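**Student:**
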Amino acid sequence: MKRTRPLTLVVLGIFGALVGFFLEVGLASSGQPIISLPISLSITLVAAGAIVVVLAVPIARAIRGTNPHPINPFRAMRIAVLAKASSMVGSLIAGLGLGVVIYLLSRSVVPAVSSLWMSIAAAVAGAILLTCGLVAEKLCTLPPEDPDHREPAPDRRLS
4 MKRTRPLTLV VLGIFGALVG FFLEVGLASS GQPIISLPIS LSITLVAAGA IVVVLAVPIA
64 RAIRGTNPHP INPFRAMRIA VLAKASSMVG SLIAGLGLGV VIYLLSRSVV PAVSSLWMSI
124 AAAVAGAILL TCGLVAEKLC TLPPEDPDHR EPAPDRRLS
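Each residue of the sequence shown is one higher than the one before, counting from 4 in the working numbering.
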């Protein structure tokens, strides 16, 4: 599995911001109430980020050799994929929250301050999930092989 590219995270963040902004514009122009991101979203994102890091720590210990118990490689792969997905979802939700914040601040009449703070909290929580996903992905990464410890190449001389 390859590491998450920064370009992917930036593109997902921009896409989330555009979706958040234009969704709010569409709802407001049609007379519907705008989306107010709940505080439970922020709490859940931070908790999910913490869980991802906690799940990755035993794998990091096994890679360094400080964990006496062997780790199932399928479990390690699942946690690495979970970490990658967490970073991508965190980028998307951070962008979505940022798009909603930009919409709220671009209006001549700013809506309730609570909806602004909840949107900021969602953007920050998305960034926390993104960071936790990247940290967990780093914890699940095998170190590069040392070229000095390779097995010697077989002798190819003709006898």
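For every residue, glycine included, the Cβ atom is placed at its ideal position computed from N, Cα and C.
What you are looking at is a predicted structure, and each value in this text was computed from that prediction instead of being measured.
1. Quick one, which of I96, A83 and R81 has its alpha-carbon nearest G23's?
2. Provide the residue span of the alpha helix (DSSP H) that contains E140, from first to last.
3. Distance, Cα to Cα, A83 vs F77?
4. Count Cβ pairs between the segment 86-94 and the segment 115-124 that sit closer than 8 Å; are there 3 or more?
5. Which residue's Cα is closest to the Cα of A126: V104, I66 and R67?
6. Put P76 into one of helix, strand or coil per three-state DSSP.
7. Taking C-alpha atoms, which residue in S39, N75 and V49 lies nearest to L26?
**Tutor:** In brief:
1. I96
2. V116 to L142
3. 10 Å
4. They do not touch, by the three-pair rule.
5. V104
6. helix
7. Put simply, of S39, N75 and V49 the residue whose alpha carbon is nearest the alpha carbon of L26 is S39.
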